[in-house]
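*Asks:* Protein chains in written order, with the working numbering: chain A, 4 to 382; chain B, 18 to 219.
Starting off with a structure, shown below.
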């Protein structure tokens, strides 16, 4: 797996980046992937921000895991975000573990992996780290930027920090600040990792091991929060896992247990436990209103970007209410904003699965924005 | 909410609006009026629409639309944040038209409201001669499935504005292809012969 990581696209960001915590990083790797081609007019670039456990491999096959990219339902040839037409860019966030600078990288000070010596990063740090990538790829102004969940949070930050870098933006199932419930669920995930003795204060890498049990439980917590109550009931109900009756044991009798265990243990193969700590922390610290002092409206002052906010009716992690608050703030600041709530039982996960109404909305918006952007560039 | 949206109505509304202004179209439907205003008057448009299919249509046309209910969600728009707020043939369908109207006047510097006129002679004769609730081109639904809870006449809305001290700037009556300006002096006649009343108030 490590040798494969060496072969992925990386930009060496030489410009020093002063992080919110006060520390500065420089000459750091930013791993990325692109799909499709940037056209001559440079009016077809779309930046995708990935969510907590995502990476830069949006479409096609992920060369590291050999599994499908995390957003194949929406991105690819002929898909809603059509890579025959658009140039799609995605970077691995800093703090992550798919090639960008993260706690697994070597700390130049002691020539050992950072572990918990890695600086605590924020959503703003993640976004600012990606600025030089656009410059490197020759993209002056994006046609669109989008992302769901933490990707949506990065997008809101991106628009607030760089008000004129993208013509349009689609924040999906996200929030402008993490709620108490969001923080609590993240804390549950972190505590699961920290309670695993293998974690060893983040120094597990010295023994070349991974706190698999803790990390798997952390992932299970996540998976519960990504589904809706109704969706979960319909998918699993009380169905038993390949057996006729209870075993009177603590094995995975129920299908839902088996599903969680499978998701949990598959995840440890591709993700780093310390990265989960750092990235969930960044999400918890996210509060756009606090950052701009006077509230969310201030964050969106002088926005030229055209927004489409999308929420899902059964998402209880980033609710319709939280998404609507973003719309209200954008409205109050006079920004150009559309909003659509997709009716679905698929919960927070809706943006990652086949959800025709959602994909159709995505396509309709991006294609119409492309026409407008082309016209604007012509003038 | 009424099925029949007269193209003539949109032209009259467009003529009432000044170029290069900001307009909120409440109950914007599939965005036909917004498209017209954007293209022909260089107006910065925003829409609010309840029906999801219509929201999709607007998004596909690149028109900014917020999915929401005008009865409960107008509070999200700041005071006087639009030059005009337009409400086309929907006032009569709200539970509380009085409250909605107050909200519209808060959000817009001016408000344009169009209503299907219940005082139109065909409507009157349906009830008078047949003793049945009127079904006409502008009021296509029957009594049990109509979304119209508070039907009114041009005269009613005229009087309503007077009672509430709302300034009436212009009233246009529409009958087929003919339009005419309505004032107190010709109100009785125009109330009988206009299918639609379009009010510029606030």
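No residue lacks a Cβ here, since even glycine has one placed at the ideal position from N, Cα and C.
Let me check understanding here. Comparing Cα to Cα, which of A:83, A:139, A:225 lies closest to residue 13 of chain A?
*Replies:* If we check each option's Cα against that of residue 13 of chain A, A:139 comes out closest.
*Asks:* Can you pull the chain A neighbours of residue 60 of chain B, defined as C-beta to C-beta under 9 Å?
*Replies:* Chain A residues near residue 60 of chain B: none, gap ~13 Å exceeds 9 Å.
*Asks:* Applying the criterion that 16 or more other CB atoms from any shown protein chain within 10 Å of the CB defines a buried residue, is residue 7 of chain A buried or exposed?
*Replies:* exposed
*Asks:* What residue from A:83, A:353, A:10, A:71 has the CA that sits closest to residue 1 of chain A's CA?
*Replies:* Nothing about residue 1 of chain A can be reported from this structure: the residues present for chain A run from 4 to 382 only.
*Asks:* Considering only the alpha carbon of each residue, which of A:253, A:213, A:263 lies closest to residue 235 of chain A?
*Replies:* A:263
*Asks:* With 7 Å set as the bound, which would you pick, yes or no: does the beta-carbon of residue 359 of chain A sit closer than that to a beta-carbon of chain B?
*Replies:* no
*Asks:* I believe residue 197 of chain A touches residue 267 of chain A by the beta-carbon criterion, under 8 Å. Please report the beta-carbon distance rounded to the nearest angstrom.
*Replies:* With 8 Å as the limit, residue 197 of chain A and residue 267 of chain A do not qualify as a contact, their Cβ atoms being about 16 Å apart.
*Asks:* By how many angstroms is the C-alpha of residue 103 of chain B removed from the C-alpha of residue 155 of chain B?
*Replies:* A direct Cα-Cα distance of roughly 18 Å separates residue 155 of chain B from residue 103 of chain B.
*Asks:* Give the range of the alpha helix (DSSP H) segment to which residue 112 of chain A is assigned.
*Replies:* Per DSSP, residue 112 of chain A belongs to no alpha helix (DSSP H) and is neither H nor E.
*Asks:* By DSSP, does residue 114 of chain B sit in helix, in strand, or in coil?
*Replies:* helix
*Asks:* To which residues does DSSP link residue 192 of chain B through a beta bridge?
*Replies:* Beta-bridge pairing links residue 192 of chain B to B:195.
*Asks:* Can you check which of these residues, B:209, B:122, B:192, B:150, is closest to residue 163 of chain B by C-alpha distance?
*Replies:* B:150
*Asks:* For residue 75 of chain B, which three-state DSSP category applies?
*Replies:* helix
*Asks:* With the cut-off set at 7 Å, would you say residue 303 of chain A and residue 336 of chain A are in Cβ contact?
*Replies:* yes
*Asks:* I think residue 124 of chain A touches residue 354 of chain A, with their Cβ atoms under 8 Å apart; what is that distance to the nearest whole Å?
*Replies:* Contact flag wrong, Cβ pair sits at about 24 Å.
*Asks:* Out of A:34, A:44, A:121, A:301, point me to the one whose CA is closest to residue 101 of chain A's CA.
*Replies:* A:34
*Asks:* Along the chain, which unbroken stretches of the beta strand (DSSP E) at least 3 residues long are found entirely within the region 133-201 of chain A?
*Replies:* 145-151, 169-175
*Asks:* Ends of the alpha helix (DSSP H) at residue 93 of chain A?
*Replies:* Careful: residue 93 of chain A lies outside any alpha helix (DSSP H), inside the beta strand (DSSP E) at 90-94.
*Asks:* By DSSP's criteria, residue 76 of chain A is part of a beta bridge. Which residues make up the other side?
*Replies:* When DSSP reads this structure, residue 76 of chain A sits in no beta bridge, so it has no partner.
*Asks:* Helix, strand or coil, according to DSSP, for residue 12 of chain A in the structure here?
*Replies:* coil
*Asks:* Look at residue 387 of chain A and residue 99 of chain A and say whether their C-beta atoms are less than 7 Å apart.
*Replies:* Nothing can be reported for residue 387 of chain A, as the shown portion of chain A is limited to 4 through 382.
*Asks:* Which residue's Cα is closest to the Cα of residue 62 of chain A: A:92, A:208, A:56?
*Replies:* Looking only at A:92, A:208, A:56, the smallest Cα-Cα distance to residue 62 of chain A is reached by A:92.
*Asks:* Hey, out of A:141, A:157, A:254, A:119, whose CA is closest to residue 95 of chain A's CA?
*Replies:* A:157 is the residue among A:141, A:157, A:254, A:119 whose C-alpha sits nearest the C-alpha of residue 95 of chain A.
*Asks:* Assign residue 146 of chain B to one of three DSSP states: helix, strand, or coil.
*Replies:* helix
*Asks:* Of the residues B:120, B:80, B:115, B:51, which one's Cα is nearest the Cα of residue 374 of chain A?
*Replies:* B:80
*Asks:* Using a cut-off of 7 Å between C-beta atoms, extract the partners of residue 341 of chain A located in chain B.
*Replies:* What residue 341 of chain A touches in chain B: 76, 81, 82, 83.
*Asks:* Take the Cβ of residue 314 of chain A as the centre, count every other Cβ of all protein chains shown within 10 Å, and call the residue buried at 16 or more, exposed below.
*Replies:* buried
*Asks:* Between residue 198 of chain A and chain B, is the shortest Cβ-Cβ distance under 7 Å, so that the two count as touching?
*Replies:* No, because no Cβ of chain B sits closer than 7 Å to the Cβ of residue 198 of chain A.
*Asks:* So within the region 32-71 of chain B, which uninterrupted beta strand (DSSP E) runs reach at least 3 residues, ignoring any that extend past its ends?
*Replies:* The region 32-71 of chain B contains these whole beta strand (DSSP E) runs: 39-43, 61-66.
*Asks:* Taking the beta strand (DSSP E) that residue 287 of chain A belongs to, which residues open and close that run?
*Replies:* No beta strand (DSSP E) holds residue 287 of chain A; the alpha helix (DSSP H) holding it covers 276-288.
*Asks:* On the DSSP letters alone, give me the boundaries of the beta strand (DSSP E) that residue 84 of chain B sits inside.
*Replies:* 82-84
*Asks:* Within 10 Å of its beta-carbon, does residue 20 of chain B have 16 or more other beta-carbons around it, so buried, or fewer, so exposed?
*Replies:* With a pLDDT of only 39 at residue 20 of chain B, under the threshold of 50, the placement of this residue in the model should not be trusted; the figure read from the coordinates follows. With fewer than 16 other Cβ atoms from the protein chains shown falling within 10 Å of its own Cβ, residue 20 of chain B counts as exposed.
*Asks:* Quick one: which residues of the region 137-166 of chain A get their C-beta closer than 7 Å to a C-beta of chain B? List them in chain order.
*Replies:* Within the region 137-166 of chain A, no residue qualifies.
*Asks:* Under the rule that 16 or more other beta-carbon atoms within 10 Å means buried, what is residue 23 of chain B, buried or exposed?
*Replies:* Annotation note: pLDDT 49 at residue 23 of chain B (below 50); position unreliable, no value reported.
*Asks:* Drop a sphere of 10 angstroms on the beta-carbon of residue 29 of chain A, count the other beta-carbons inside from all chains shown, and report buried for 16 or more, exposed for fewer.
*Replies:* Residue 29 of chain A is classed as exposed because its beta carbon has fewer than 16 other beta carbons within 10 Å across all chains shown.
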